[in-house]
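Novice:
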Amino acid sequence: MMGGHHAISGTAGALVLAGTTGVSLGVIDAGSGMSLASFAAMVTGAALLPDADHHNATIAHSLPKLGPLPSPSEIICRMIGKISGGHRHGTHSIIGIAAFVALAMLLGQLRYGELAIGAAIMGFVLTSFALKALKLSGPFSVLPWGLSLAVAGFVMKEFDTDPFMLPLAVGLGCAIHIVGDMATTDMCPILYPLNPKAPKGFEHIPVLGSCWDDKGSFGFPILGNAGSIREWILCLVFTGYVVLAATTEAGIFDPGAWATLPHFDEIKTGLTDPLG
Ligand SMILES: [Zn+2]
Numbered sequence: 000m001m002g003g004h005h006a007i008s009g010t011a012g013a014l015v016l017a018g019t020t021g022v023s024l025g026v027i028d029a030g031s032g033m034s035l036a037s038f039a040a041m042v043t044g045a046a047l048l049p050d051a052d053h054h055n056a057t058i059a060h061s062l063p064k065l066g067p068l069p070s071p072s073e074i075i076c077r078m079i080g081k082i083s084g085g086h087r088h089g090t091h092s093i094i095g096i097a098a099f100v101a102l103a104m105l106l107g108q109l110r111y112g113e114l115a116i117g118a119a120i121m122g123f124v125l126t127s128f129a130l131k132a133l134k135l136s137g138p139f140s141v142l143p144w145g146l147s148l149a150v151a152g153f154v155m156k157e158f159d160t161d162p163f164m165l166p167l168a169v170g171l172g173c174a175i176h177i178v179g180d181m182a183t184t185d186m187c188p189i190l191y192p193l194n195p196k197a198p199k200g201f202e203h204i205p206v207l208g209s210c211w212d213d214k215g216s217f218g219f220p221i222l223g224n225a226g227s228i229r230e231w232i233l234c235l236v237f238t239g240y241v242v243l244a245a246t247t248e249a250g251i252f253d254p255g256a257w258a259t260l261p262h263f264d265e266i267k268t269g270l271t272d273p274l275g
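Note that numbering that gives the first Met the number 0 has the sequence shown beginning at 0, numbered continuously upward.
Structural data, given as structure tokens:
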């Protein structure tokens, strides 16, 4: 999947699971208003993390050099690439998700009195990734720095109350990324470093044959190649949903007034309370 598509999938995933209005399932309690917005920003950034394994990746240039300072995003991507065994290896696996969640938990412990310093650092980096992938960085190098610092400042105070919010956002974002790549022909080595290869002739089995390749990658390539028309259409739907959910959260739009809309409340009740 393309970077921007990973990002919008992350935003849509965060809003559908943690939104507080009738158009969301609301199975995660991330608060509302700015608290929910920063959770969504974290998930969006984390939905790009698995591709931070290449120093030339788009997100490596999220934070441009400021004067003599080196680009922190490029340094981070270089480090992740070294640790994870190169591009599209460890970061696109179950172990990769676990490692990113563990890192988020560790950083969550880094605090100075009331201030969640570690969460703020992660919030800063993830927000810069999200802005870059969604092409919101703009032409001025101070913009991504400024906006990312603003979210980091909020996270530093807000994520103090719930130590699980940061690891949850990071795990969710990474999982959304991997599912997105698995839906394309790129697929993912989810069992890395095991990489079990599909047995000879497996590719001839109808449907299943395209779900496991001879490099040990798994997937369900219903979207075709990365960047396909199908991927674009799906992400347009995600974008529409994000606009709907965000405007509903902000109270600008009231889908309840639309009698013809599907009954989200019934779907929500069925999912959260299947016996009731
Ligand atoms: Zn990827």
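Here a beta-carbon is modelled for each residue, glycine too, at the ideal position from N, C-alpha and C. Here the structure is a predicted model, which means the values were calculated and not measured.
How about Phe128: is its C-beta nearer than 8 Å to some C-beta of chain D?
Specialist: Among the chains of the structure shown, chain D does not appear; only one protein chain is present.
Novice: Any idea what DSSP makes of Phe219, helix, strand or coil?
Specialist: Coil at Phe219, not helix or strand.
Novice: What I want to know is whether the C-beta of Pro188 ends up closer than 7 Å to one or more non-hydrogen atoms of ligand 1.
Specialist: Incorrect: Pro188 has no Cβ contact closer than 7 Å to ligand 1.
Novice: Apart from the five residues just before and just after Leu16, which ones in its own chain have a Cβ nearer than 8 Å to its Cβ?
Specialist: If we look at Leu16 and ignore the five residues flanking it on each side, its Cβ neighbours are Ser23, Leu24, Gly25, Val26, Ile27, Leu171.
Novice: Output the boundary residues of the alpha helix (DSSP H) element that contains Asp50.
Specialist: Element bounds for Asp50: n/a, residue is neither H nor E.
Novice: The alpha helix (DSSP H) that contains Thr10, what's its start and end?
Specialist: Run containing Thr10: 2–17, per the alpha helix (DSSP H) assignment.
Novice: Are there 16 or more other CB atoms within 10 angstroms of the CB of Ile251, so buried, or fewer, so exposed?
Specialist: Ile251 should be labelled exposed.
Novice: Does the Cβ of Asp253 have 16 or more other Cβ atoms within 10 Å, making it buried, or fewer, making it exposed?
Specialist: So Asp253 ends up on the exposed side.
Novice: Can you check whether the CB of His176 is closer than 8 Å to the CB of Ala56?
Specialist: Going by C-beta atoms, Ala56 is not nearer than 8 Å to His176.
Novice: Taking 7 Å as the cut-off, does the CB of His176 come closer than this to any heavy atom belonging to ligand 1?
Specialist: Yes; taking the cut-off as 7 Å, the Cβ of His176 has a heavy atom of ligand 1 nearer than that.
Novice: Per DSSP, which one or two residues make a beta bridge with Trp144?
Specialist: Partner(s): none; Trp144 has no beta bridge.
Novice: Alpha carbon to alpha carbon, what distance is there between Ala129 and Ile82?
Specialist: Taking the straight line from one Cα to the other gives about 22 Å.
Novice: Between His91 and ligand 1, is there a pair consisting of the residue's CB and a ligand heavy atom that are separated by less than 7 Å?
Specialist: At least one heavy atom of ligand 1 is nearer than 7 Å to the Cβ of His91, so yes.
Novice: Going by Cα to Cα distance, which pick from Gly226, Gly107, Leu193 is closest to Ala151?
Specialist: Among Gly226, Gly107, Leu193, the Cα nearest to that of Ala151 is on Gly107.
Novice: Quick check: the Cα distance between Pro166 and Thr126, rounded to an integer number of angstroms?
Specialist: Near 15 Å, if we compare the C-alpha coordinates of Thr126 and Pro166.
Novice: Measure the Cβ-Cβ separation of Pro49 and Gly95 and say whether it is below 8 Å.
Specialist: In contact: Pro49 and Gly95 (Cβ atoms closer than 8 Å).
Novice: Per DSSP, what are the beta-bridge partners of Cys187 in this structure?
Specialist: Partner(s): Phe217.
Novice: Expressed to the nearest angstrom, what Euclidean distance is found between the alpha-carbon atoms of Ala244 and Val124?
Specialist: Whole-angstrom Cα-Cα distance: 25 Å.
Novice: Can you round the beta-carbon distance between Gly80 and Val42 to whole angstroms, since I take them to be within the 8 Å contact cut?
Specialist: Not confirmed; about 23 Å, so no contact.
Novice: Buried or exposed for Lys134, please, with buried defined as at least 16 other CB atoms from any protein chain shown within 10 angstroms of its CB.
Specialist: With fewer than 16 other Cβ atoms within 10 Å, it is exposed.
Novice: Bridge partners of Leu270, per DSSP?
Specialist: Answer is none; Leu270 lacks a bridge partner.
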